[in-house]
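A.B. asks: Protein chains in written order, with our numbering: chain A, 7 to 162; chain B, 323 to 616; chain C, 44 to 848. Ideal placement from N, C-alpha and C gives every residue a C-beta, glycine not left out. Treat the numbers as computed from the prediction; the structure is a model and nothing was measured. Have a look at the structure that comes next, please.
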């Protein structure tokens, strides 16, 4: 990782004074000991990156943005986590399987969910029009050559 | 008379068609015209922002460009689509460099994002275009005695400086909407917390525990049902709740309703026509409660 | 003065390593030796020290110097020191000029020693250029009125007034509420000794009312202040009590008879008072007041007062304006408490059992609205569990960024009082840090722990009120174990932030003093002049200058009394003679200067040239800049001096330079602060100090571009904060049209900047300097030179016209 990028990420974390409001408001930390946003910010601020980018923890965040809304020092925690995830995938770390599944669905059908016979039947029952096909081909064209596209083709 | 380009997203039309039909019916009843958007795809799902932020932005901009071609503002009934589309719209409107980069990519499919549309959530349109008074006046069978746990969902409210829908920490929007139907919005601890769907993408167990945590506090407050305005939250409470029930000794059987369904019921709609039987967690207790009180 | 007669001495200070670590001082001294009229040029470690000053005095004698330039720290630091030094050496103190190569160079360009040294050379050259045109000036002596005005009657105001009165000065103590005492009168006990608050304050309040030298004006506000040190004229607006203070004796029968009850703000709205009332039983003066908003004019009070034989009530009373002549003013207006309902996640105002620390104080107080019982507002039952939450609205980027200083201690105090009165109560304190730094404070913290108060280190994200029980659930991460906690308690007490007292902004404009970025009054120097305002003759005491506890407030109160006595103990006080005078030959009697002067210091009689009353002139220079016939001169800031500085600044490589005009009170001070705070930014700016942005003539801007400048910046105070009231408005009116004018001449309008920033905005100054340097870089030397060339004929025409209106 380029030093400027690492510095930019650390700068996001520096103002934290470890009050724990993020922990108190975090829905994930309430139920999973493996996710500790306050400790994460401290490690980033100190430059102790070991294991953060390759670990599972950063993918547990629900991106609910409560921590960012509450933080008295305006540390953009949820934005920080998105940045860490982007850096990780850039480095070649695989996102969780479900993410890749979603990406595959979108790339193949244009949608997150399959239109199957029960789906068609239920729509008819409610007097809803049949579903158009989604623009999968446009999406595929735009995804080609991007990290999104590469992750998909690597998976295949 | 207001007119919007309808962006349904993926989850509602495919997995939860009763949300689509009740949404359409409610808006039609208040003279809000919905125009179909051709060739849209997934918004795309907010999770993609974490994997490839620029591509996520590009795919969202493509959807926005379609609405711009139609000359209309977007109405979406899904929190996730709302956050994706509005956040991308806002960031492209404020960053000409990024806009240039995205348009360069979009030109590959013959589209251009110009920054000419706006994105609204269905409940925003209800509040702003229809108004509390009109909705209240349309209520003929108030849902008296119904105790509701309101769940706004994260992506409707936050990040608030971009979405600007309601206070990110003490929102009242959905509570007000519930109360005008005659039902009671019951305050419960940690009502702000996420339903857990997004974390479930990384670890199913965590997602399940997050729903269990919320259900626990709702149960303590004593509610008859949950009200949501997002398909993903809906699935967490409707489907994942069943998984929670399985391993907690059959505890937690709180039905969940999509707000338009509730307002339609209060406006006198017949339950059969709403597709309530398609909910995985039975809404029978709610119907009993309403019938008793209304 | 004939240039042969000029003999200038230049002294470049190392300031230890403060300057020398970055600027090559010997090199600067060497280069300065070649400047015109410089006969001595030295560098030395500490110019302000005894040997340093001695060096100057010796050189004055030996080399017959008649001008001295010292390149060192900011003139706002040591100009007075060196003026005294040269005076002792035998030359007029106004034949001295300083170059600021510390705050403006070494401290803010520490990564760039090469450029910094060149900049230092430029600044010295500019100072020498100005020095060549300096004239000897005699200070103006003004009489001093040995009377003090103290604004605010809390513990600080009371102590300043008593000290000044004991020293023999007449004191007017003005307090806007109907009694003195302030916040301290509402406290129950004070930390760390747990003295009864009103018991220690009460006697002082009585002393104030009985002191022969103190005149107490309560229910009054200062609405206007004119004048200057030693000679202020203050207008005090006295609101009507509808009760004659002379006739009333405080018996209270009117209140007994009054049928109207409203919430008493003194009791934090927890208890009632009548429409006719005193705030609390120990009120001084012990005179009743009628709250006309609540009063229904039933006249029962009138009847009863007549029966008593006093007939003190008078509904026809009108507000009265009183004018006071005073020599010094002390501002002791205290603080207010932040509205905790603004911290939405804590539910104050939403849940009845979330209360504030002041509310608990009043409850615990035996004479308070609940007679010492602590009860939950929802059911009036005594809570079994209470949690105190600190830092509510403090240390918060979304509320107040600063720490309010005394909340940790008063939280401990309130918790100790609860545990003492109700030993069975479970008391929690939820805190991020425990700030207990003064005498006896850490010991008090230990005492709190000893009493079994439970401490949870953490900061709550949410407080939820259970509608059935009225209990509160506090969501907080217990930092000691690193796990989130849901703490259920029966009552929550919030320690809210201290904020500037209501009306601080308005009063700061009335007094023409500055407020800092947090809204409190701003002291002249944070270390060495903590109770002086930058405006001479005005002092601060107590929380008006920043939240502080009682001992600190009292200490400041005595300090302010001492500082003001410094002035009041003299019959005369020296005023800097940087005033304006009008050349009667050049004056065309147009009257523009009369209208521009905010002090009414200029008079124009029919058929005569205008005249400045020197004693009234504050030295802003606005009249000078707006005079269409250039008939007015400001001493020590003349046109020649300023033009010489412009020329010297832009002698070399002008396209790369930003010529800045900085006003003494705000922008120059803000730039100083940027250096003091060690912000780092590019070296392009060459600053010319003026007293006020109003002094800046259009010609200076034309001249700068004619001399090849890359950019010009004119800066001053924020509107409504101008030290000279309207100088910056006039500056804006004068300079703003230049953007279009310059554009027509072919100059990119962004190369002129008008900036308004305060003495507290060092970071802002650093940022805009970076921006401006960036623009110069983006435009490039070639384009700048081209534009300047193209604009030359136009600008020369504008100069000839003498356009200055």
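(1) Does any residue of chain F bring its CB to less than 8 Å from the CB of residue 79/A?
(2) What are the boundary residues of the alpha helix (DSSP H) that includes residue 489/C?
(3) Check whether the Cβ of residue 355/B lies closer than 8 Å to any Cβ atom in chain A.
(4) How about residue 439/B and residue 395/B: do their beta carbons lie closer than 8 Å?
(5) With distance defined between alpha-carbon atoms, name the residue in 237/C, 166/C, 93/C nearest to residue 6/C.
(6) Can you list the residues of chain A that residue 381/B reaches, using a CB-CB cut of under 7 Å?
(7) Grab me the residues of residue 701/C's own chain with a C-beta within less than 8 Å of its C-beta, minus the 5 sequence neighbours each way, in chain order.
(8) Name the two residues that bound the continuous alpha helix (DSSP H) containing residue 529/B.
(9) So, helix, strand or coil for residue 478/B, using DSSP?
(10) On the DSSP letters alone, give me the boundaries of the beta strand (DSSP E) that residue 9/C sits inside.
(11) Can you tell which of 536/B, 430/B, 415/B has the C-alpha that lies nearest to the C-alpha of residue 474/B?
(12) Which partner residues of residue 799/C appear in the DSSP bridge assignment?
(13) Note down, in chain order, all residues in the region 513-524 of chain C with a beta-carbon under 8 Å from any beta-carbon belonging to chain B.
(14) How many Å lie between residue 317/C and residue 595/C at the Cα?
(15) In three-state DSSP terms, what is residue 52/C?
(16) Hey, does residue 469/B have any beta-carbon neighbour from chain C nearer than 8 Å?
(17) Helix, strand or coil for residue 616/B per DSSP?
(18) Which residue comes first and which comes last in the beta strand (DSSP E) that contains residue 258/C?
(19) Can you pull the chain C residues whose beta carbon is under 9 Å from the beta carbon of residue 44/A, in chain order?
(20) Whose C-alpha, out of 520/B, 408/B, 399/B, 415/B, is nearest the C-alpha of residue 372/B?
(21) Evaluate residue 696/C with the Cβ neighbour count: other Cβ atoms within 10 Å of its Cβ, from every protein chain shown; 16 or more gives buried, anything less gives exposed.
(22) Below 7 Å between beta carbons is the criterion; list the residues of the region 581-597 of chain C that meet it against any residue of chain A, in chain order.
(23) Roughly how many whole angstroms lie between the Cα atoms of residue 637/C and residue 675/C?
(24) Considering only their Cβ atoms, is the gap separating residue 579/C from residue 186/C smaller than 8 Å?
(25) Given residue 91/A, which residues of its chain have a CB within under 8 Å of its CB, disregarding the five upstream and five downstream residues?
(26) Short check: CB of residue 587/C to CB of residue 557/C, under 8 Å?
(27) Under a three-way DSSP split, which group does residue 860/C fall into?
(28) For residue 111/A, report the span of its alpha helix (DSSP H) as first-last.
(29) Does the beta-carbon distance from residue 288/C to residue 324/C come in below 8 Å?
(30) For a cutoff of 8 Å on Cβ pairs, would you count residue 489/B as touching chain C?
(31) Kindly indicate which residue of 779/C, 313/C, 271/C has the alpha-carbon position closest to the one of residue 617/C.
(32) Find the residues of chain C that neighbour residue 509/B, judging by a C-beta separation of less than 7 Å, and give them in chain order.
(33) Could you give the C-beta distance for residue 639/C and residue 665/C, rounded to a whole number, given that I count them as a contact under 8 Å?
(34) Going by the CB atoms, is the gap between residue 584/C and residue 603/C shorter than 8 Å?
(35) Please name the residue, chosen from 720/C, 724/C, 808/C, 109/C, that lies closest to residue 82/C on a Cα-to-Cα basis.
(36) Compute the Euclidean distance between the alpha carbons of residue 672/C and residue 435/B, then round it to the nearest angstrom.
C.D. replies: So, to answer that:
(1) Among the protein chains of the structure shown, namely A, B and C, there is no chain F.
(2) Position 446 of the third chain, counting from 1, holds the residue named residue 489/C. In the DSSP assignment, residue 489/C falls within the alpha helix (DSSP H) that extends over 484-493.
(3) One-based indexing of the second chain puts residue 355/B at position 33. With its beta carbon at least 8 Å from every one in chain A, residue 355/B lies outside the interface.
(4) For this step, residue 439/B is matched to residue 117 along the second chain. For this step, residue 395/B is matched to residue 73 along the second chain. The answer is yes: Cβ separation under 8 Å.
(5) Limits of chain C in this structure are 44 at one end and 848 at the other, which puts residue 6/C out of reach.
(6) Looking up residue 381/B in the second chain gives position 59. Under the 7 Å cutoff, chain A gives 145, 148.
(7) Within the third chain, numbered from 1, the residue matching residue 701/C stands at position 658. Cβ neighbours of residue 701/C beyond the five flanking positions: 727, 728, 729, 752, 753, 754, 755, 756, 812, 815, 816, 819.
(8) Taking the first residue of the second chain as position 1, residue 529/B is located at position 207. Boundaries of the alpha helix (DSSP H) harbouring residue 529/B: 526-543, taken from the DSSP string.
(9) Counted from its first residue, the second chain places residue 478/B at position 156. Three-state DSSP puts residue 478/B in a helix.
(10) Given a span of 44 to 848 for chain C in the structure shown, any question on residue 9/C remains unanswerable.
(11) Taking the second chain and counting its residues from 1, the one referred to as residue 474/B is at position 152. When 536/B, 430/B, 415/B are compared, the shortest CA-CA separation from residue 474/B is found for 536/B.
(12) By one-based count along the third chain, residue 799/C stands at place 756. Bridge partners of residue 799/C according to DSSP: 759/C.
(13) From the region 513-524 of chain C, only 516, 518 have a Cβ closer than 8 Å to chain B.
(14) Position 274 of the third chain, counted from the first residue, corresponds to residue 317/C. Position 552 of the third chain, counted from the first residue, corresponds to residue 595/C. For the pair residue 317/C and residue 595/C, the Cα-to-Cα distance works out to about 35 Å.
(15) Taking the third chain and counting its residues from 1, the one referred to as residue 52/C is at position 9. When DSSP states are grouped into helix, strand and coil, residue 52/C belongs to the strand group.
(16) Numbered from 1 along the second chain, position 147 holds the residue referred to as residue 469/B. Under the 8 Å criterion on CB atoms, residue 469/B is classed as non-interfacial with respect to chain C.
(17) Walking along the second chain from the start, residue 616/B turns up at place 294. Any reading at residue 616/B must be qualified, since the residue scores a pLDDT of 42, below 50, and its modelled position is unreliable; the value itself is stated next. Coil.
(18) Start at 1 with the first residue of the third chain, and residue 258/C comes out as number 215. Looking at the DSSP string, the run of the beta strand (DSSP E) that includes residue 258/C is 257-261.
(19) Position 38 of the first chain, counting from 1, holds the residue named residue 44/A. Taking the beta carbon of residue 44/A as reference, the chain C residues within 9 Å of it are 520, 522, 525, listed in sequence order.
(20) As a working note, residue 372/B is residue 50 in the second chain. When each option's Cα is compared against that of residue 372/B, the closest is 520/B.
(21) Mapped onto the third chain, residue 696/C falls at position 653. By the 10 Å Cβ count, residue 696/C comes out exposed.
(22) Within the region 581-597 of chain C, contact with chain A at the beta-carbon level (separation under 7 Å) is assigned to no residue.
(23) Within the third chain, residue 637/C is the residue found at index 594, counting from 1. Within the third chain, residue 675/C is the residue found at index 632, counting from 1. If you take the alpha carbons of residue 637/C and residue 675/C, they lie about 12 Å apart.
(24) If you number the third chain from 1, residue 186/C lands on position 143. If you number the third chain from 1, residue 579/C lands on position 536. Cβ atoms of residue 186/C and residue 579/C: not closer than 8 Å.
(25) In the first chain, the residue the question calls residue 91/A occupies position 85. Around residue 91/A, the same chain offers 64, 65, 101 as residues with beta carbons nearer than 8 Å, after the five sequence neighbours per side are excluded.
(26) Here residue 587/C refers to the residue found at position 544 when the third chain is read from its first residue. Here residue 557/C refers to the residue found at position 514 when the third chain is read from its first residue. In terms of Cβ geometry, residue 587/C and residue 557/C do not form a close pair [threshold 8 Å].
(27) With chain C represented from 44 up to 848, any question about residue 860/C goes unanswered, as that position is not in the structure.
(28) Numbered from its first residue, the first chain carries residue 111/A at position 105. Here the alpha helix (DSSP H) through residue 111/A covers 103-115.
(29) As a working mapping, residue 288/C is identified with position 245 in the third chain. As a working mapping, residue 324/C is identified with position 281 in the third chain. No, the Cβ-Cβ distance between residue 288/C and residue 324/C is not below 8 Å.
(30) Indexing the second chain from 1 puts residue 489/B at position 167. Interface criterion met: the Cβ of residue 489/B is under 8 Å from a Cβ in chain C.
(31) Counting from 1 along the third chain, the entry for residue 617/C is found at position 574. Of the candidates 779/C, 313/C, 271/C, 271/C places its Cα closest to the Cα of residue 617/C.
(32) Your numbering for residue 509/B matches position 187 in the second chain. Near residue 509/B (Cβ distances below 7 Å), the residues of chain C are 510.
(33) For the purposes of this step, residue 639/C is taken as residue 596 along the third chain, with counting starting at 1. For the purposes of this step, residue 665/C is taken as residue 622 along the third chain, with counting starting at 1. Yes, residue 639/C and residue 665/C are in contact; Cβ-Cβ is about 5 Å, under 8 Å.
(34) Mapped onto the third chain, residue 603/C falls at position 560. Mapped onto the third chain, residue 584/C falls at position 541. Between residue 603/C and residue 584/C, the C-beta gap is smaller than 8 Å, which places the two residues in contact.
(35) Counting from 1 along the third chain, the entry for residue 82/C is found at position 39. Answer by Cα proximity: 109/C.
(36) If you number the third chain from 1, residue 672/C lands on position 629. If you number the second chain from 1, residue 435/B lands on position 113. Straight-line Cα distance between these residues: approximately 59 Å.
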